[in-house]
Every structure is written in C-alpha cells, then in structure tokens.
Amino acid sequence: MCGRFAVSPAVVENIAVVEVGNPGALQIGADIRPTTDISAVVATGAGRMLHPMRWGFVPDWYAGPNDGPLLINARAETIATKPAFRAACRQRRCLIPTSGFYEWQSLGRQGKRPYWLQPAHGGAATFAGIWQDWRGADGAVHHSCAIVTCAASEDLAHIHHRLPVIIEPSNHALWLGEAGRGAATLMHAQPQGWWQAEPDRGPPVSSPRLL
DNA sequence: CCAGACGTTGTT
DNA sequence: GTCTGG
DNA sequence: CCAGACGTTGTT
DNA sequence: GTCTGG
Numbered sequence: 071m072c073g074r075f076a077v078s079p080a081v082v083e084n085i086a087v088v089e090v091g092n093p094g095a096l097q098i099g100a101d102i103r104p105t106t107d108i109s110a111v112v113a114t115g116a117g118r119m120l121h122p123m124r125w126g127f128v129p130d131w132y133a134g135p136n137d138g139p140l141l142i143n144a145r146a147e148t149i150a151t152k153p154a155f156r157a158a159c160r161q162r163r164c165l166i167p168t169s170g171f172y173e174w175q176s177l178g179r180q181g182k183r184p185y186w187l188q189p190a191h192g193g194a195a196t197f198a199g200i201w202q203d204w205r206g207a208d209g210a211v212h213h214s215c216a217i218v219t220c221a222a223s224e225d226l227a228h229i230h231h232r233l234p235v236i237i238e239p240s241n242h243a244l245w246l247g248e249a250g251r252g253a254a255t256l257m258h259a260q261p262q263g264w265w266q267a268e269p270d271r272g273p274p275v276s277s278p279r280l281l
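So in the working numbering the end of the first sequence lands on 281, straight run, no missing numbers.
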C-alpha cells in the first residue's frame, strides 16, 4: 500500500516543467506522513494547479477530519462504488508527485522490515489520487485526499500485496478528466521491474528531541 | 504507515 | 449525502 | 420504512 | 492490545 512517501527537490524540477507553473508550492519531504499537507495536481478550467491537501480523505458527511477512520488509501477495485469515494472517483481525481515511498514487509513474529521503493528510471512519478473538499466551522474550505491502491505486481508481492497506482505522464490528462472518460482503466500496477526496491531503508530518523 | 501513549486527583 | 441490513 | 454504516491495512 | 498524532 502506501502509508509513507517522499518528495525530493528533483521532483520539483520535473513537475515544474511538465505539470505546473508554481513549483514553490510543492511540499518537499523525505518522510511525508498521513494527516499532513501534501501537494496534488488538480485540473481546473484554467489549467492544472498544484494544491495543498490533507493526506487523509474526509468524506463530505464527516463533521470534521476525525469524525471517522483515517482514509489515506482507496482500493481501485471498489473506489467507484464505495459511498465515501464514489463521487470523488468520478469528479475529483488528482496526481500526487513523488520520488518514492516506503513499504514495511511483515516478518510475522520477527517484526517488519522497511523497504524504499522508487521508479527504476530514476525520475519522479505521480500517484493516482482522489480529493474532497469540506467546510470547517469557520467557513473555510479545506481539501483532503487519498492515494489509490491496487494489487502488487509479482515481483513485489514478497514485500507487500498492495501498491500505490502510478499514472504515467502520457495518461495524466485522462486521469485528470481533461481527455474524456476512461480513467478507470488506469488503475493497475506498473509492469514488473518498474519499481526499484531497496531493503532495510526506512524513513530518515528524526533528530532526537533536545531537552 | 509508524511511534508513542495509554490516568486521576486537586491546585494554581 | 447515500447505501445496506433488518 | 428507519437505523446505522460509510474505510484500509494486516492478522488470525 | 488499541488509540492518537504526525
């Protein structure tokens, strides 16, 4: 699945040129966690915009971000019918820039082992996402999002059975709804070998707190 | 996702 | 809000 | 009809 | 073990 990821400075170069004109708004980080603000590319009538969003989708019936379970992922297999995701799946898809993500392999009683996965081609990528807006008590509109997941490809199944869906640049317009229908066909794993997996590499350890 | 907390009382 | 279970 | 759920992950 | 915060 995808519960921690990274956005490197190199992604800024890539996204700034290929996607949008306001790279300064892209959130950079080596350990991006659920509930924090991330940057997502959304389609608008005037083109694509990079927009900050809480990672943790808030359905429109939630009274607030903690009014139900934390929804950081949405299953590709059921996203079109689940009440929480259905409308967003049809009308509010986004692209979430990334340089790679962390996955923890379960070792049963022996605990777990972290892996760092990044595109084998060495560049940036974009996760498939869906987003939702909701109005806070102060009347301000906030955005939140979830990353779409699918079954893992065979080469990665030994690490984990779910993976984030990647949208290739040639399909960005289709996913964002700028090129008609057909986004559903994009929700599948990348071919074997697309991801490069490095074992025993977890998120950077945060610096010890000073007393 | 992981890491870290997980409690009560009364007093200021 | 919308769907499911009873 | 109303009441209650509405989600993903992994683990057993 | 289970919940919360990030």
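We treat Cβ as the ideally placed atom computed from N, Cα and C, and that holds for glycine. Being a predicted model, the structure only gives us computed values, none of them experimental.
- Looking only at Ala198, Val128, Met119, Leu256, the smallest Cα-Cα distance to Pro139 is reached by Val128.
- Burial is judged here by how many other beta carbons sit within 10 angstroms of a residue's own beta carbon; Pro153 has fewer than 16 and is exposed.
- The beta carbon of Ala267 lies closer than 7 Å to those of Tyr185, Leu187, Leu226, Ile229 in the same chain, with the five residues before and after it left out.
- With distances taken between CA atoms, Leu96 lies nearest to Pro79 out of Arg74, Thr105, Pro79.
- At the C-beta level, Pro189 and Ile217 stay beyond 8 Å of one another.
- The three-state secondary structure of Ile98, taken from DSSP, is coil.
- In the three-state DSSP reduction, Glu238 falls in the coil class, being neither helix nor strand.
- Within the segment 125–196, complete alpha helix (DSSP H) segments of at least 4 residues are found at 156–161, given in chain order.
- Secondary structure at Ala253: helix, using DSSP grouped into helix, strand and coil.
- Looking only at Ala133, Leu256, Asp137, Ala222, the smallest Cα-Cα distance to Asp208 is reached by Ala133.
- Bridge pairing for Gly117: Thr114 [DSSP].
- Straight through space, the alpha carbons of Gln180 and Phe197 are spaced by roughly 31 Å.
- Pairing Leu256 with Asp137, the inter-Cα distance amounts to about 31 Å.
- Comparing alpha-carbon positions, the option among Leu120, Met119, Ala194, Ile102 lying closest to Gly126 turns out to be Ile102.
- Ala227 carries a coil assignment under DSSP once its states are collapsed to helix, strand and coil.
- Looking only at Arg74, Ala110, Thr106, the smallest Cα-Cα distance to Val82 is reached by Ala110.
- In the three-state reduction of the DSSP assignment, Pro261 falls in the coil class, being assigned neither a helical nor a strand state.
- If you compare the alpha carbons of Met71, Glu173, Trp264 with that of Arg145, the shortest gap goes to Met71.
- Annotated as distal: Arg163 and Trp265, with beta-carbon spacing of 8 Å or more.
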